[in-house]
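For reference, the structure discussed in these notes is given below.
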Amino acid sequence: MCWFGHVKWICANVPVRRFDVVGKGRDRAVDDDTTFEKQSALFALAVADVVLINMWCHDIGREQAANKPLLKTVFQVMMRLFSPRKTTLLFVIRDKTKTPLEYLEPILREDIQKIWDAVRKPQAHKDTQLCEFFNKSLLYPVMRRRKSNLKIRQLFFHSISPGGLAGDRRGVVPASGFSYSVQKIWKVIKENKDLDLPAHKVMVATVRCEEIANEKFSSLMINEDWLALEHEVQEDAVRNFGRRLSSILDKFLSEYDAESVFFEENVRSSKRQQFISKALKLVHPAFISQLGHLRVKSLQTFKTQVEQLLRRGEAFAASVRTCSESCITEFDKGCSDAAIRHANWDASKVRDKLHRDIESHVSSVRNDKLSELKATYEKQITSALAEPVESLFEVGGSETWASIRKLLKHETDVAVSCFSPALSGFELDKDAFDRKMQNLKDYTRSVVEKKAREEAGKVLMRMKDRFNTVFSHDSDSIPRLWTGKEDIKSITLEARSESLKLLSRVAAIRLDEKSDRIESILFSRLLEGKISISSRNSDIADSCDPLASSSWEEVSPENTLLTPVLCLSLWRQFIAETEYTVSQAISAQEAYRQSNNWLPPAWAIVAMIILGFNEFMLLLRNPLYLFILFVVYLFGKALWIQMDIPGEFRNGTFTGLISISSRFLPTVMDLLRRLAAEAQGNPAPETSRTSQHVASQSFRSQVSSPNPVSSSVPSSSVSSNISTENDSEYTSPQLTHRRVTQVEQE
1 MCWFGHVKWI CANVPVRRFD VVGKGRDRAV DDDTTFEKQS ALFALAVADV VLINMWCHDI
61 GREQAANKPL LKTVFQVMMR LFSPRKTTLL FVIRDKTKTP LEYLEPILRE DIQKIWDAVR
121 KPQAHKDTQL CEFFNKSLLY PVMRRRKSNL KIRQLFFHSI SPGGLAGDRR GVVPASGFSY
181 SVQKIWKVIK ENKDLDLPAH KVMVATVRCE EIANEKFSSL MINEDWLALE HEVQEDAVRN
241 FGRRLSSILD KFLSEYDAES VFFEENVRSS KRQQFISKAL KLVHPAFISQ LGHLRVKSLQ
301 TFKTQVEQLL RRGEAFAASV RTCSESCITE FDKGCSDAAI RHANWDASKV RDKLHRDIES
361 HVSSVRNDKL SELKATYEKQ ITSALAEPVE SLFEVGGSET WASIRKLLKH ETDVAVSCFS
421 PALSGFELDK DAFDRKMQNL KDYTRSVVEK KAREEAGKVL MRMKDRFNTV FSHDSDSIPR
481 LWTGKEDIKS ITLEARSESL KLLSRVAAIR LDEKSDRIES ILFSRLLEGK ISISSRNSDI
541 ADSCDPLASS SWEEVSPENT LLTPVLCLSL WRQFIAETEY TVSQAISAQE AYRQSNNWLP
601 PAWAIVAMII LGFNEFMLLL RNPLYLFILF VVYLFGKALW IQMDIPGEFR NGTFTGLISI
661 SSRFLPTVMD LLRRLAAEAQ GNPAPETSRT SQHVASQSFR SQVSSPNPVS SSVPSSSVSS
721 NISTENDSEY TSPQLTHRRV TQVEQE
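Residue numbers (full-length UniProt numbering): 1 to 746.
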């Protein structure tokens with residue numbers, strides 16, 4: 001309420017704000033103060049809902065009455081600057097005369113209407129009536145102060161109620177924004193700026209609602225419940241996160257609504273939405289943290305469940321599908337719990353991230369499981385193929401590669417039949433499944449090829465072993481005795497033939513059942529062509545020589561293990577390293593022959609006959625010498641057989657002499673005792689002879705015998721007929737001795 005004129009306290013202790021605005025007064029008016037009068041009048045009309053205008057009773061009807069020119073200016077500015085806001089004009093007539101009020105009121109209303117009609121109106125308000133800007137003018141006479149004040153006060157008790165002084169007011173500014181509003185209005189008026197009350201109302205509501213929103217946002221930032229929730233969500237997922245956060249936001253929104261209820265609705269709603277946006281921006285990181293914890297928790301649950309199902313032997317794809325659906329459902333429930341009704345936050349990105357994490361983990365686990373499965377079956381295949389294939393190569397029979405192909409096919413079928421069901425549990429696409437199966441088949445083949453290449457690297461050693469086996473043993477695998485009867489040439493040819501067969505079988509990989517001419521070429525050029533050490537300087541680069549090539553006909557390079565040139569080189573090295581074995585066998589044969597030939601050469605026999613002719617004739621002339629010589633022969637023969645003189649010297653001359661010298665005297669004494677015992681008719685026991693024989697055998701066993709020899713000596717008997725004086729004949733008992741010694745020669 002504004003009062004033009006002197007200050008009047010008409011409504012003390014009543015919730016009505018009043019202003020005394022200095023208007024046009026005779027005792028106060030100054031000629032240079034018209035600008036301020038207009039500004040104050042405009043300010044009163046812009047701010048107040050009810051404007052009280054003091055007028056002297058005798059000014060009614062006068063053209064130059066107090067406040068009338070001012071009202072004209074104010075009306076003109078009001079229509080130019082303001083929108084209609086229904087300001088109530090209350091004219092207070094002072095110093096009332098005896099003229100009745102009923103006569104004064106029409107005159108005053110007419111004067112005001114004339115002022116309104118005379119005002120130059122803008123185009124927008126050309127036909128606007130006075131009642132759209134102002135309520136009907138009221139006249140109230142002031143007679144006695146106390147009585148007038150009481151009556152006027154009653155008018156303001158319910159001034160904003162319907163039918164009151166300001167019951168139909170518009171563009172109301174809340175009390176909390178009134179101070180700011182009037183300051184801005186006065187500032188604009190002082191600066192001669194246009195003023196639009198609806199825009200001003202929006203401005204006031206904007207400023208005040210923004211202040212309220214900022215206050216609530218600041219309070220939210222330091223709210224203990226929010227800080228506690230924020231701290232909890234940083235550590236782990238919070239149960240009932242959405243409900244707790246919604247409760248906190250609802251609290252501050254309710255406070256905002258309560259404090260901004262009287263401001264312009266659109267502005268209030270706009271600032272409320274801005275406050276919600278700022279608050280959501282503040283709490284959104286906590287929401288993201290909550291979703292992050294839910295994602296990590298769901299992913300960990302997925303990993304644990306998948307591992308448990310796989311340990312129980314469940315199929316991989318089925319386990320992944322079950323656990324994935326369960327964990328995604330759990331995550332969705334967590335997202336629903338974390339959601340707040342103030343925002344429609346989208347958790348699809350975090351959900352997609354969870355999907356990607358699950359797929360990444362599934363891919364990693366799938367690769368690991370497939371690698372483990374592959375390693376398991378490869379280990380089984382290696383165990384099933386490596387040793388059997390190596391054994392087949394060691395045997396080196398004519399059916400080596402046929403046996404290897406049969407073994408490879410069997411083990412491949414077994415591995416595929418077991419691997420296919422295990423692989424089907426991963427539900428791979430057809431191409432991936434076929435690729436895995438083909439890789440397994442390729443691996444089984446690679447195991448055989450690897451062993452074949454290893455055997456190709458050891459072929460020279462295998463050839464020498466095969467040569468030594470065939471050369472040193474007969475068809476019954478019994479070690480040969482080089483007694484001079486063996487055909488070393490044919491044995492050598494046979495051994496080399498077997499070694500060459502082994503070389504031909506290792507020269508190429510034959511897993512595809514394709515025929516080749518490797519064996520025939522090697523035999524024709526190396527064995528039948530007699531390629532040996534002496535031919536090293538031959539021209540192997542001849543284009544007609546199949547061994548001068550770096551590849552075999554009808555054999556692909558990837559299946560070639562030993563090139564023709566390499567086979568030729570290996571064969572020459574083999575011949576060089578096995579010649580010593582052949583020469584040793586020939587030397588052993590010659591040694592055996594010499595050790596079993598005791599007759600002197602023919603020329604020595606002829607020389608002995610010629611040179612010993614006289615001694616021979618002497619023996620014939622004297623029978624006693626002949627008898628003594630015969631007895632010495634028999635005794636020497638017995639010693640020869642008893643002591644096994646040839647056997648002793650087989651161990652070496654020095655060793656034989658030591659053995660004979662140690663046994664000579666005991667053997668002579670044993671023979672004499674036996675002769676004496678037989679002469680008396682008591683045969684001597686064989687104990688001493690047996691013990692001597694065992695001792696001799698023990699001594700010989702300590703010395704290595706390089707060339708054992710089998711020999712037998714037929715039994716011999718010595719008998720003599722002695723004539724006595726009574727012409728009786730005595731026949732000595734027959735002395736028979738047989739010794740058979742079999743010696744083996746390596």
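In this text, a Cβ means the ideal position worked out from N, Cα and C, and glycines have one as well. Model, not experiment: these values are computed from the prediction.
* From what residue to what residue does the alpha helix (DSSP H) around residue 755 run? -> An answer regarding residue 755 cannot be provided, because it is not within the stretch 1 to 746 covered by the chain.
* Is the beta carbon of Thr-87 sitting closer than 9 angstroms to the one on Val-50? -> Here Thr-87 is near Val-50, since their CB atoms are less than 9 angstroms apart.
* C-alpha distance - Glu-528 paired with Phe-649, whole-angstrom precision -> Their backbone Cα atoms lie some 43 angstroms apart in a straight line.
* Asked: By Cβ distance below 6 angstroms, which residues in the same chain neighbour Leu-568 in space, the five residues on each side in sequence not counted?
  -> Leu-547
* **Boundaries (first-last residue) of the beta strand (DSSP E) holding Phe-91** => 88 to 94
* To do: Output yes or no for whether 9 angstroms exceeds the beta carbon distance between Ala-317 and Gly-242.
  => no
* What first and last residue would you give for the alpha helix (DSSP H) that runs through Trp-345? -> No alpha helix (DSSP H) holds Trp-345; DSSP gives it neither H nor E.
* When the Cα of Arg-208 is compared with those of Asp-431, Phe-262, Ser-475, Glu-235, which residue comes out closest? -> Phe-262
* **Run of the beta strand (DSSP E) containing Asn-54, from where it starts to where it stops** => 50 to 56
* Asked: Excluding sequence positions up to five away, which residues of its chain have a Cβ less than 7 angstroms from the Cβ of Glu-232?
  -> Val-238
* **Cross-strand partners of Thr-560 (DSSP beta bridge)** => DSSP, once it has assigned bridges, lists Ala-508 as partnering Thr-560.
* Under the three-state reduction of DSSP, which class applies to Phe-426: helix, strand or coil? -> coil
* Asked: So, is Glu-579 buried or exposed, given that buried needs 16 or more other C-beta atoms within 10 angstroms?
  -> Result: exposed.
* According to the neighbour-count rule (16 or more other Cβ atoms, all chains shown, within 10 Å of its Cβ), is Ser-701 buried or exposed? -> Confidence at Ser-701 is low in this model, with a pLDDT of 41, below 50, so the placement of that residue is unreliable and no value is reported for it.
* Tell me Phe-134's beta-bridge partners as DSSP assigns them. => Thr-87
* **Chain-order list of residues whose beta-carbon lies under 7 angstroms from that of Thr-412 (same chain, five-residue window excluded)** => Lys-441, Thr-444
* Quick one: what's got a C-beta closer than 8 angstroms to Val-516's C-beta in the same chain, skipping five residues either side? -> A quick correction: the sequence has Asp, not Val, at residue 516. Close CB contacts of Asp-516 within its chain, under the 8 angstroms cut and outside five residues either way in sequence, are with Ala-508, Arg-510, Trp-552, Glu-553, Glu-554, Val-555 (chain order).
* Identify which residue in Arg-244, Ile-404, Phe-471, Val-365 has its Cα closest to the Cα of Ala-452. => Ile-404
* Under the three-state reduction of DSSP, which class applies to Arg-243: helix, strand or coil? -> For Arg-243, the three-state secondary structure derived from DSSP is helix.
* Neighbourhood of Glu-449 by C-beta distance below 8 angstroms, restricted to the same chain and skipping five residues each side -> These residues qualify, in order along the chain: Ile-509, Leu-511.
* **DSSP bridge partner residues for His-473 (one or two, in chain order)** => Pro-479
* Asked: Does the Cβ-Cβ distance between Leu-310 and Leu-370 come in under 9 angstroms?
  -> For the pair Leu-310 and Leu-370, the CB atoms are not nearer than the 9 angstroms cut-off.
* Asked: Using a Cβ-Cβ cut-off of 7 angstroms (strictly less than) and excluding sequence neighbours within five positions of Glu-686, which residues of its own chain qualify?
  -> Reliability fails at Glu-686, whose pLDDT of 47 lies under 50, so the model's placement of it is uncertain and the value that follows must be treated cautiously. Cβ contact annotation for Glu-686 (same chain, cutoff 7 angstroms, sequence separation greater than five): none.
* Minimum C-alpha distance to Gln-573 - residue among Leu-407, Val-459, Leu-249 -> Val-459
* Where the alpha helix (DSSP H) containing Leu-618 begins and where it ends -> Element bounds for Leu-618: 613 to 621.
* Tell me whether Pro-601 sits in a helix, a strand or coil according to DSSP, three-state version. => coil
* Asked: With DSSP run on the structure shown, which of helix, strand or coil describes Val-119?
  -> Reduced to three states, the DSSP call for Val-119 is coil.
* Asked: Excluding five sequence neighbours on each side, which residues of the same chain lie with their C-beta closer than 7 angstroms to the C-beta of Ser-532?
  -> In this prediction, Ser-532 has a pLDDT of 43, which is less than 50 and means its spatial position is unreliable; what the coordinates show is noted afterwards. Ile-575, listed in sequence order.
* Is Lys-409 helix, strand or coil when you go by DSSP? -> helix
* To do: Tell me whether Met-463 is buried or exposed, calling it buried when 16 or more other Cβ atoms sit within 10 Å of its Cβ.
  => buried
* **Simplified DSSP assignment, three categories, for Arg-517** => coil
* Using DSSP with H/G/I as helix, E/B as strand and the rest coil, what is Ser-277? -> In the structure shown, Ser-277 sits in a helix (DSSP, three-state: H, G or I).
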